[in-house]
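Trainee: Here you go, one structure.
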Amino acid sequence: MFQVLTNNPKAYNWWLKRENKQVQVVWQEGGFDSVLTAARDLVHLGYRVINHPLSSSIKPNQTPYKTLILAQGTGLDYQSLSVIEAAIAASKKLGVFPGSTQSILEDLQFMDLEMCREIQLQ
Amino acid sequence: MQLKLGRINITDIKFGDKTKVEKGVLYVSKEQVLAAVADERLTSITLELARPGDSVRIMPVKDVIEPRLKVEGSGGVLPGFISKVEMVGSGTTLVLSGAAVVTTGSIVGFQEGIVDMSGPGADYTPFSKTCNLVVVCQAPEGLSQHEHEAAVRVVGYKAAAVIAEAARNAEVDSWEEYQHLNLFEGMQKYPDLPRVAYVYMLQTQGLLHDTYVYGVDAKRILPTLMSPTEMMDGAIVSGNCVSACDKNTTYHHLNNPIIQDLYARHGKDLNFIGVIITNENVTLADKQRSSNFTAKLADMLGLDGAIISQEGFGNPDTDLIMNCTKLEKLGIKTVIVTDEYAGRDGGSQSLADADPLADATVTGGNANEVITLPAMDKVFGSSKSADIIAGGFDGSLAKDGSITVEIQAITGATNELGFNTLTAREI
Amino acid sequence: MSKFRVVHYINQYFGQIGGEEKANIPPSCKEGPVGPGMAFKAVLGNEAEIVATIICGDSWFAENLDEAKAKVVEMIAQYKPDLVITGPAFNAGRYGTACGAVAEAVSQELEIPVVSGMYPENPGAEMYRRFALIVETGDNAAAMRKAVPAMGKLALKVLKGEQLGTPKEEGYIPRGIRENYFAPDRGSKRAVDMLVAKLKGEEFHTEYPMPQFDRVDPNPAVADISKAKIGLVTSGGIVPKGNPDHIESSSASKFGKYDLDGIVNLTAETHQTAHGGYDPVYANQDADRVLPVDVMRDLEKEGKIGSLHRYYYATVGNGTSVANAKRYAAEIAQELKNDGVDAVILTST
Amino acid sequence: MCTIVPISLTVGANRIVPTVAIPHPLGNPELPAEEEKALRRRLVNKALRALSTEVDGQTVFED
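Here you go:
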């Protein structure tokens, strides 16, 4: 079982439309950091991170969107934990997205989706 | 394999009736270039010139390409795009050294990538020192970002290829020779020198973050072995333009400084065996697989040492540390080349991953350092993007046209191939 | 030209008030140099002068940290100095910590540069190196003769706005701040040079040192656990309901010591977690899931262990610096030893 | 007693007992209360055993 955690409406709709029974698409309210925190809590309970939380060169303070895919596992996956903790630290260090125009926000949603669209879940 | 590079030094660039080189001046025929790059997907393509010292800002920069021409040997430059997928890296190639094609155009709204030809920003980018043909691309409303990106990318290669023709009849200023022996010959010739390879990490995450090898999207490759001379003919090209400071442009791939400096010590202090290219994909499983294959290749080659270079920020730190630790655990000594995001005050942790085995690190500097770029007389590209870079990237565009940004917005500023002298130290 | 103004911070001992018996005195202020300040006078010469000296007892400072910082900063501010010197503190831990805390407050609140002096292993050096140029000194006051000229010289350089060299060149402990500069060679050449040196087994200098951790030898086994007095310590942030000590949810600046007398089981009514680094739902429902008091009481009753120590210690591990964690550990370990605890179970989340 | 054994190894702990999960190292909310406490008791007993065992370097007490 996979969970797609996202605060990006474009990614949310795209993943919903895939209608994969193995995939649970979860809307996460809030900013970049809230997706990271929610993913961290899942990792603590044994989920594995599929896509790196700092994928894309768009820094955490340059976009409010993040889509993270996690796979249900049995024990703590240390690699997942260490990348999620490092991502949280990077996001804290770089600060908060200052906001932007609607058209930029749409481009940022598009780029976030691009970074997770081709991931094979098996 | 043996490659001869003939350098023709370009010291100025001008428009002219014919594309040619005369006394170090590259004359560019607008008509000829525009005819060669025409692309029905784009609404307009215009050409501008930017010389070192000009009061010119180019932004947002998409790619920079050095014009090269294959005059002898198999294949042609930029295989998979400009020429067929013949193997390259041997024969003779001419270089318009000091000239560059710079493509610009906003594919998405927030794109950074600043090249200032003068002022304080010029110190941070290598492309303030080249004579640049700037290709400004405009796309129609509604063109998909994927098509837009592909169109602009190929326009740059085509422009470089057409002006490279000027090298054919020009006088060569200097020759360089690069030999690449096969593994067996190399071992016989240098039995006592440590065997060293270069692990070349390529950004491969998706749109605006891609790299191509002989035309193949490198996110779909498993790590493989290449001759260092192949890069000199353009076997690796960039489709990566987000994070301007630490992306590798096609120019960087053609002039990879690690390859050059390993050649400088080849046969003296080390035996430079070849290049392992690997990718930086988005999933952890891909990272595991690629670093495993990199380590396996390194082991099969019986390496004693390796230099590993990174491209980009954040998740590639994970690839970098995986590659480094897996090689070190095999007893292969490594040096890694990276850059830092230590915060504006320089007081935060620089990397998103770390390991005590990574005990030999070269850094291209802290990308979060803030710089004020004064206004320029001319802006090539989209002056609108200045506002957007400023807002979207937490910088500020002042009324007088100056921009305050982190140096991460400057093309090539903290390059992770060690292209620059910029670095950082603890104080 | 008028002289630069310097204020000097020292402890009760160097302030010539007294030794450990006077460590409880609150801060006071004297015009001009006192004690080691006299030695600084010679180094600072005609260019700068110590206009005032702040003296505070080490214990008083440690026990009243926030108040002490505020008072000292207020005293310093009224002299409008161009620079503040603290110490040198050599290897005196409390003194070093006070010198560092003063440096932090002065640099953050007054934005005045601070020069200090410490032995590198002084905990104050690791905790506060960001905020001061801490000259590396010997471990005791015999090193005063060398420390003062080094600190004075560095202070003058800072006052005159001269370009500083590397920490090594200037003799101060690196502050952990990354600064960009243009090197003579490009990065690729530096990388190849480094690799060649590494392959030859020669010395090389990484440009970015990775974090390293201490190692300690394991203690011998507990001979008879059924007679042992066992303590509980956690970095999981388990605190009495309401978090009376206001331990921070991340980057904790303190630890808490809590009484378990009469407590046989932690419940949602009595205890919670202060930790911000994990989902707190489970620990808040039942804090025994992090700190096993219920089981320890059972084992105590059954005679499987000698006894459960009356107090447990807790902090929050989330984002807490290694230096702070080390300091808490040292203090907690000392108290546990003084209380005759034989063994400790440390739980972390 | 910790869930993230690699970190305990990195920071230099000498006697390490692996636990259940980060937010509930010594419990499992999915179990009935009695079973959960029994689980906790097993883990604590393992820690006591670790304390009573001579080690000559970092040791993880798996089972």
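Residue numbers (my numbering), protein chains in the order written: chain A, 939 to 1060; chain B, 993 to 1419; chain C, 238 to 586; chain D, 155 to 217. Even glycine gets a Cβ: it sits at the ideal position worked out from N, Cα and C. This one's a predicted model, so the numbers in the text were calculated from it and none came from an experiment.
#1: What residues from chain C crowd round B:D1108, counting only those whose CB sits closer than 7 Å?
#2: What residue does the alpha helix (DSSP H) around B:P1308 start on, and which one ends it?
#3: Can you look up C:H508 in the DSSP assignment and give me helix, strand or coil?
#4: Please state whether DSSP places D:I161 in a helix, a strand or coil.
#5: Buried or exposed: where does C:N453 fall if 16 or more other Cβ atoms within 10 Å of its Cβ makes it buried?
#6: Name the residue from B:Y1255, B:H1245 and B:N1161 whose alpha carbon lies nearest to the alpha carbon of B:E1058.
#7: Check the Cβ-Cβ distances between C:T443 and every residue of chain B, and say whether any is below 9 Å.
#8: Can you grab the Cα-Cα spacing for the pair B:A1344 / C:H508, in whole Å?
#9: Give, in chain order, every residue of the stretch 398-427 of chain C whose Cβ lies closer than 8 Å to some Cβ of chain B.
#10: Closer than 9 Å, Cβ to Cβ, to anything on chain D: give me those residues from the stretch 518-546 of chain C, in chain order.
#11: Against chain A, does C:G256 count as a neighbour if the rule is that its beta carbon must be under 9 Å from one of theirs?
#12: Sorted by chain position, which residues of the same chain lie with C-beta nearer than 6 Å to B:N1263's C-beta, five sequence neighbours on each side aside?
#13: Distance check for C:P455 and D:G211, CA to CA, integer angstroms please.
#14: Considering C:M275, what are the terminal residues of the alpha helix (DSSP H) in which it resides?
#15: Using a C-beta to C-beta distance shorter than 9 Å, which residues of chain D count as neighbours of A:Y985?
#16: For my contact list, B:P1220 and B:V1267 are in at a C-beta cut-off of 8 Å; report their separation, rounded to the angstrom.
#17: Give, in chain order, every unbroken run of the alpha helix (DSSP H) that is at least 4 residues long and sits entirely within the stretch 186-216 of chain D.
#18: Please state whether DSSP places C:P316 in a helix, a strand or coil.
#19: Does the separation of the CB atoms of C:V532 and C:D525 fall below 9 Å?
#20: Short of 7 Å Cβ to Cβ, which residues in the stretch 1002-1016 of chain A face chain D?
#21: Let me know if B:G1384 comes out buried or exposed under the rule of 16 or more other beta-carbons within 10 Å of its beta-carbon.
#22: Interface residues of chain A around C:Y515 at Cβ under 8 Å?
#23: What distance in whole Å lies between the Cβ atoms of B:S1230 and B:D1055, which are believed to be in contact at a cut-off of 8 Å?
#24: If you count every other CB in all the chains shown that lies within 10 Å of the CB of C:E256, and 16 or more means buried, which is it?
#25: Check whether the Cβ of B:A1153 sits closer than 8 Å to any heavy atom of the ligand MG, and report yes or no.
#26: Return yes when the Cβ of B:I1005 is within less than 9 Å of the Cβ of B:S1052, no when it is not.
#27: Below 8 Å, how does it come out for the stretch 1001-1021 of chain A and the stretch 972-986 of chain A: are there three or more Cβ pairs, yes or no?
#28: Since A:Y1016 and D:I158 are thought to touch, with beta carbons under 8 Å apart, how far apart are those beta carbons, to the nearest angstrom?
#29: Below 8 Å on the Cβ atoms is my contact criterion, and I expect C:K466 with C:S544 to pass it. Report the Cβ-Cβ distance as a whole number of Å.
#30: Between B:A1382 and chain C, is there a C-beta pair that is closer than 9 Å?
#31: Would you tell me roughly how many angstroms separate the C-alpha atoms of B:A1382 and B:Q1195, rounded to the nearest one?
#32: Is the CB-CB distance between B:T1085 and B:M1224 below 9 Å?
#33: Need the endpoints of the alpha helix (DSSP H) that C:R360 sits in, please.
#34: Give the interface partners of D:A192 over in chain A, defined as CB-CB distance under 8 Å, in chain order.
#35: Along the stretch 943-959 of chain A, what residues have a CB closer than 8 Å to any CB found in chain D?
Mentor: Judging by the given coordinates:
#1: None at all; the shortest Cβ gap to chain C is about 16 Å.
#2: N1307 to K1321
#3: strand
#4: helix
#5: What sits at residue 453 of chain C in the sequence shown is Val, not Asn. So C:V453 counts as exposed.
#6: B:H1245
#7: yes
#8: 35 Å
#9: L401, T403, P404, P411, R412, G413, I414, R415, E416, N417, Y418, F419, A420, P421, D422, R423, G424, S425, K426 and R427
#10: V518, Y519, A520, Q522, D523, D525, R526, V527, L528, P529, D531, V532, M533, D535, L536, K541 and I542
#11: no
#12: G1178, Y1182, L1185 and R1187
#13: 6 Å
#14: P273 to L281
#15: Under the 9 Å cutoff, chain D gives no residues; its nearest Cβ is about 11 Å from A:Y985.
#16: 5 Å
#17: 187-205
#18: First, the residue type needs correcting, since residue 316 of chain C is Tyr and not Pro in the sequence shown. Three-state DSSP puts C:Y316 in coil, outside helix and strand.
#19: yes
#20: L1014 and Y1016
#21: Its pLDDT being 43, under 50, B:G1384 is placed unreliably by the model, and the measurement read from it follows with that caveat. By the neighbour-count rule (16 or more Cβ atoms within 10 Å), B:G1384 is buried.
#22: R978, D979 and H982
#23: 6 Å
#24: This sequence places Gly at residue 256 of chain C; Glu is not what is there. When all chains shown are included, C:G256 counts as exposed.
#25: By its list of ligands, the structure shown contains no ligand whatsoever, and the ligand MG lies outside what it can speak to.
#26: Correcting the residue identity first, residue 1052 of chain B is Pro in this sequence and not Ser. The answer is no: Cβ separation not under 9 Å.
#27: yes
#28: 6 Å
#29: 5 Å
#30: Reliability fails at B:A1382, whose pLDDT of 43 lies under 50, so the model's placement of it is uncertain and the value that follows must be treated cautiously. Chain C contact via Cβ: absent.
#31: With a pLDDT of 43 at B:A1382, under the threshold of 50, the modelled position of that residue is not reliable, and the figure given next carries that caveat. So the alpha carbons of these two residues sit roughly 25 Å apart.
#32: yes
#33: It is Pro, not Arg, that sits at residue 360 of chain C in the sequence shown. Counting along the chain, the alpha helix (DSSP H) containing C:P360 begins and ends at P360 to Y365.
#34: Those within 8 Å of D:A192 in chain A number zero; the least Cβ separation is about 20 Å.
#35: none
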